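Written below as structure tokens is the structure these notes are about.
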Amino acid sequence: MTARLTWSDAATLIQRLGSVIGLALLFIALSIMSPDFLSAGNLLTVLRQVSINALIAFGMTFVILAGGIDLSVGAILALSGAIGAGLMAAGYSMWLAVAAALGLGALLGVVNGVLVSWGRVAPFIATLGTMTLIRGLTLVYTDGRPISVTNNAFALLGDGYVAHLIPIPVVLMFVVFAVFAFLLRGTVFGRHVIAIGGNEEASRLSGVRIAPMKLAIYGVSGLASAFAGIVLTSRLHSAQATAGAGYELDAIAAVVLGGTSLSGGRGWLFGTLIGALLIGFLNNGLNLLGVSSFYQLVVKGIVILIAVLLDRR
Amino acid sequence: MRKLALIVAASLLAACSQQGPGESSTASSSTAGGAPASGTPTIGLALSTQDNPFFVELKDGAQKAAKDANVSLVVVDAQNDPARQISSVEDLIQKRVSVILLNPTDSSALAGAVQSANRANIPVITLDRAVDGADVASHIASDNIAGGKMAADFLASKLNGKGNIIELQGVAGTSAARDRGKGFDDQIAKTPGLKIVAQQPANFDRAQGMSVSENLLQANSNVQAVFAQNDEMALGAVRALDGAKRGNVLIVGFDGTPAGKDAVQSGSMAATVAQQPGDIGRLGVETAKKLIDKQPVEKTIAVPLKLLTKDAP
Amino acid sequence: MNAPLIRMEGIHKAFGPVSVLEGVDFELVAGEVHALMGENGAGKSTLMKILTGIYAPDAGRIEVDGQPVSISTPADAERYGIAIIHQELNLIPSLNIADNLFLGREMHRFGLLDRKAMRERAKEWLARIGLDALDPSTPIEKLSVGQQQMVEIARAIGQNARVIIMDEPTAALTERETATLFALIRELRTQGRGIVYVSHRMEEIFALCDRISVLRDGKFVGTRPVPGLDLDEVVRMMVGRTLEARFPKRTSVPGEVRLQVENIGDAAVHGVSFDLRAGEVLGVAGLMGAGRTELARLLFGIDKPSQGRVLLDGKTITPRSPSEAIHAGFGFVTEDRKALGLVLDMSLRENVSLPKVPAHAGLVDRSGEKKQTHGLIDRLKIRTRDMELDVRALSGGNQQKVVLAKWLALKPRVLILDEPTRGVDVGGKAEIYHIINQLAEQGVAILMISSELPEVLAMSDRILVMHEGHATALLNAATATQETIMHAATGGK
């Protein structure tokens, strides 16, 4: 790397750091405007609130980087959570329930991958279909009722703390972030994800096997959603049949706010973390400021639009 | 390296607990909870949704009462998502409000949030729906069983003790749906000439109320009355009956929302069992004020209902 | 003589700290075809973008008919009668010819589109450039690239353009289409219009143009009349030195047979057979649509053959996917590097290692990857300040070298090159030829598809000529001539 910085470098840097700068500005503004904002307790609370969306968004980042989209994440979250809770309610051990939920999530993701690669269905339509299908299966399985979880060890996943301070969902979020960031930047798999998003045909002609890659990419997204489903079920002490409705849009918003291009090939996982935090701090700050929830939606919409406009090329 | 990781992991696990920062019993009693040292006390109101006029009226009642009592009121809205409501309650705890008025999205998922508030010495009053598995200072709701009974009695007299009835049910698992249904069904069972020929959930939603009614009317041609467990579903049924040109079917709703009252006035609905959501909100704030002033409050407060017809508005 | 149609004087343009044009002069008179030449990155397209109002110059003056003007938007350029025919055609494939001709300036009556009037006017415009046979209601996607270009020219003329800029107009044309285009350009010249002709193809420029202006590194080198000018002079103006030879010589002799292709075919290729030796360059010549690229796609496993087989070192392999082909030892430098060869938003380093990322157990070996990239940058003389730069930012010639580097990293046994020097400037071409020779000397079997006959003749050992999906001749390059190749390529015996 040379030390010389050209204009295009500077532009790229600003584009990349836009989300970080946005988060910093929001942080400063909220600290000044709300006396309750800047406390360790509140910040950790926000991190915990963010963790569910961040986990889903980490998986979504892979899909979007590869030029796809996954609308089924919220539905996978609901069904995985329900199956996990159902197994525990039926007396199976917590670890078996968690493993089954994660496995199911990954499998549902792979189904998305099959539809998109071998079925040649546009990702938007394919995952819209599986979203509806999985929502239906969840209602069938739960009969529309919440499934309560009484397992105390399981409840720790969502409610517990490490060293009496850091909520376990936050720790899980950072662990998954570290693993996924390494997967994206340090492995051949990650390299190929970005290559497919940048130019699928050129990647194919360079010997990248597109179909197995897509199965894996959507599988990662399903796995991440299932993981989020487990944490959410643990936090709610119950699996809700309608859990995660609309979460796909929050996850996509986090990815895009983080500077990942919706057309694929450009982006980073750290940005997604920042994007999720931006949404979380915005929700928290507006609540602390007592802003009506109607205006909260307006503000969130404006923030997303600004981010997308800044991302234009 | 691996050994080190094991030791770190083990010590982290050992440090895991369900107790969070600032929640150890000695620290909390002196700092958290109670009114802030200066200024007017703040009450938090966590609504399940504002999509439904009922909850908007409840909020308006609370806001008016807060103004009269010279307390400030912070309103947060969960958009019917239990996870979002937990976040909102956490935000209210971080804001150190004196009392939280909670209108839960769901009876089971919010227990953890209520416990968190209790640990932070913030009393919780539930409005309209109860929370299972957690202590609340007071529960304020309409007497829904009595309301169901009122609707049944009204239909019995209007139909002269003879006829077939369709029942539109609310969100499964909510206490409102359970109690209204129980009051209505038990009373109908006492009149041998009356028969509930079909009952199905339409989730308190107008659009679903319409489509469910359409389906049930297709299946049951000989129907004289519809009982909907809220006005929104009843108004959906009005649309369905209009479409089917079945003007002679009596429709009874529940809640007494402005739109419901209008429909009763215009004759498209026969009656509505009016709740006083404004009163629920008002009583919530007044009860909260009592708690702030260290006065005793009742564990459950039943808000009276009123049957509204065209002749007796 | 009257004032020139266009005079640009002392044009400066910088993007941030990077100066792209430094005091460039350019003049175009009525009734001339004026070539604008220079290596990639010399500033030709920036100069033309200033003339067409896409960029504003930082300094300098522009005169039209001797009057100083300011051209700050494309609409201004259109008002002064300046039109540009882009390399990437700006037509909407699903709309028909008339719709495209009137796009943005539709004729209407009472607010309704007047399709009939537009069709008639379109017919008139097409006739003016000798395209009477074309029906204005034909959708653009049904036309050949050459016909589409004609439609663009018709649009420019319909708008009464007096200055027409053509950017590499023959890049995608067949010989016959090129001849038609040249006839049209000569006709436009006699009508008193001025044509700016941007191209790398020396033969065309000498055949067509009246004057040549050369840019180098953003500076104006000079304008020369074509009569009496020789090729070496132009090359010297462009690169600042004479190239020792346009086509470097190769010394090696082909070895054992490496690749045998037997009767291979699908919908576009009809039973083609040949063999290719280690260290041999087999040129593949033919017109557009002769099935050359389709043949390459079959060999590389992109399309599935319906007949025939492929043997590598005597073993049947017939690849069923690119990844199988690569595994067997094939490399494929595609014709369209932006669409098929590169991931533009990835760095040079990441593009080079796309076919095979240096890795241990799936984990990327960063230092190994950097070392490999460094080696290839040196070997191919890729000019970049940084291997982390996105390939989007590189010039065409350097991008083409990155595509080559991708396959060199794999040490292929058979390398297929599809138009390896298209859109590459003179200096870059010589370097690519040098690399091809090097690879052949190392024993790589090379199949080189090219539409430039001098290139095919000079670089190949043997030449396979194709016509409409059939192999019509297999010539010895030492004895073949452009005439014998063209004869076979047009289906003659």
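Protein chains in written order, with our numbering: chain A, 44 to 356; chain B, 178 to 490; chain C, 101 to 593. Even for Gly, the Cβ is constructed at its ideal location relative to N, Cα and C. On a predicted model such as this, the values are computed, not experimentally measured, just so you know.
Residue-level contact check: Gly444(B) does not touch chain A, since none of the beta carbons of chain A fall below 8 Å from its beta carbon. Its Cα nearest to that of Gly61(A), the residue Gly301(A) stands out among Gly301(A), Leu331(A) and Leu248(A). Here the C-alpha atom of Gly350(B) lies approximately 49 Å from the C-alpha atom of Arg252(A). In the DSSP assignment, Pro218(B) falls outside any beta strand (DSSP E) and carries neither an H nor an E. Excluding sequence positions up to five before and after Arg316(C), its CB lies within less than 8 Å of the CB of Gly138, Glu139, Ala142, Met337, Met338, Val339 and Gly340, all in the same chain and listed in chain order. Taking C-beta atoms under 8 Å as the contact rule, Gly148(A) and Gly265(A) qualify, at a distance of about 4 Å. Chain-order list of chain B residues neighbouring Asp293(A): empty, with the shortest C-beta distance near 10 Å, by a criterion of under 7 Å.
If you draw a 10 Å sphere on the C-beta of Leu340(A), you find fewer than 16 other C-beta atoms in it, and that means exposed. For Met446(C), the C-beta contacts it makes with chain A under 7 Å involve Ile237, Ala238 and Gly241, in order along the chain. Shortest Cα-Cα distance from Ala417(B) to any of Thr477(B), Leu336(B), Asp356(B) and Met387(B) involves Met387(B). Considering only beta carbons, the part of the region 259-270 of chain B lying closer than 9 Å to chain A consists of Pro259, Ala260, Arg261, Ile263, Ser264, Ser265, Glu267, Asp268, Leu269 and Ile270, in chain order. For Leu275(A), the C-beta contacts it makes with chain B under 7 Å involve Ala260, in order along the chain.
With a cut-off of 8 Å on Cβ pairs, the region 358-369 of chain C is not in contact with the region 554-562 of chain C, counting fewer than three such pairs. One alpha carbon belongs to Val502(C), the other to Asp202(A), and they sit about 53 Å apart. His235(A) counts as buried, since at least 16 other C-beta atoms from the protein chains shown sit within 10 angstroms of its C-beta. Per DSSP, His427(C) is one residue of the alpha helix (DSSP H) stretching across Pro422 to Ala428. Here Thr521(C) is buried, its C-beta having at least 16 other C-beta atoms within 10 Å. Taking a C-beta distance under 8 Å as the contact criterion, Ala329(B) and Phe361(B) qualify as a contact pair. Where Ser94(A) is concerned, the enclosing alpha helix (DSSP H) starts and stops at Ala83 to Leu108.
Counting C-beta atoms within 10 angstroms of its own C-beta, Pro405(C) has 16 or more neighbours from the protein chains shown and is therefore classed as buried. Inter-residue distance for Glu568(C) and Val299(A) is about 48 Å (C-alpha atoms, whole angstroms). Rounded to whole angstroms, the gap between the alpha carbons of Ile347(A) and Ala296(A) is 7 Å. Minimum Cα-Cα distance from Arg262(C) among the listed residues Ala177(C), Arg276(C) and Phe430(C) corresponds to Ala177(C). Comparing C-alpha distances from Leu224(B) to each of Pro490(B), Gln262(B), Ala354(B) and Val474(B) shows the shortest one belongs to Gln262(B). In the DSSP annotation of this structure, Ile171(C) is not part of any beta strand (DSSP E), being labelled neither H nor E. Per DSSP, Pro455(C) lies in no alpha helix (DSSP H) and is assigned neither H nor E. When the five nearest sequence neighbours on each side are left out, the beta carbons in the same chain lying within less than 8 Å of the beta carbon of Val274(A) are those of Ser94, Ile95, Leu98, Leu200, Gly201, Pro212 and Leu215, in order along the chain.
For Asp518(C), DSSP records a beta bridge to Ile549(C). By the Cβ criterion, the region 511-521 of chain C is in contact with the region 429-443 of chain C, since at least three pairs of Cβ atoms, one from each stretch, lie closer than 8 Å.
Listed in chain order, the non-local C-beta contacts of Val276(B) below 6 Å within the same chain comprise Ile220, Pro300, Ala465 and Leu468, local neighbours out to five positions each way being set aside.
Where Glu541(C) is concerned, the enclosing alpha helix (DSSP H) starts and stops at Val526 to Glu541. Here Met131(A) is buried: its Cβ has 16 or more other Cβ atoms, across all protein chains shown, within 10 Å. Around the C-beta of Lys257(A), 16 or more other C-beta atoms lie within 10 Å, and the residue is accordingly described as buried.
Lys272(B) reaches chain A at Asp79 and Leu331, counting residues in chain order whose Cβ is nearer than 7 Å.
Burial state of Asn397(B) is exposed, judged by a 10 Å Cβ sphere holding fewer than 16 other Cβ atoms. Residue contact with chain B for Gly84(A): present (Cβ-Cβ distance below 8 Å to some residue of chain B).
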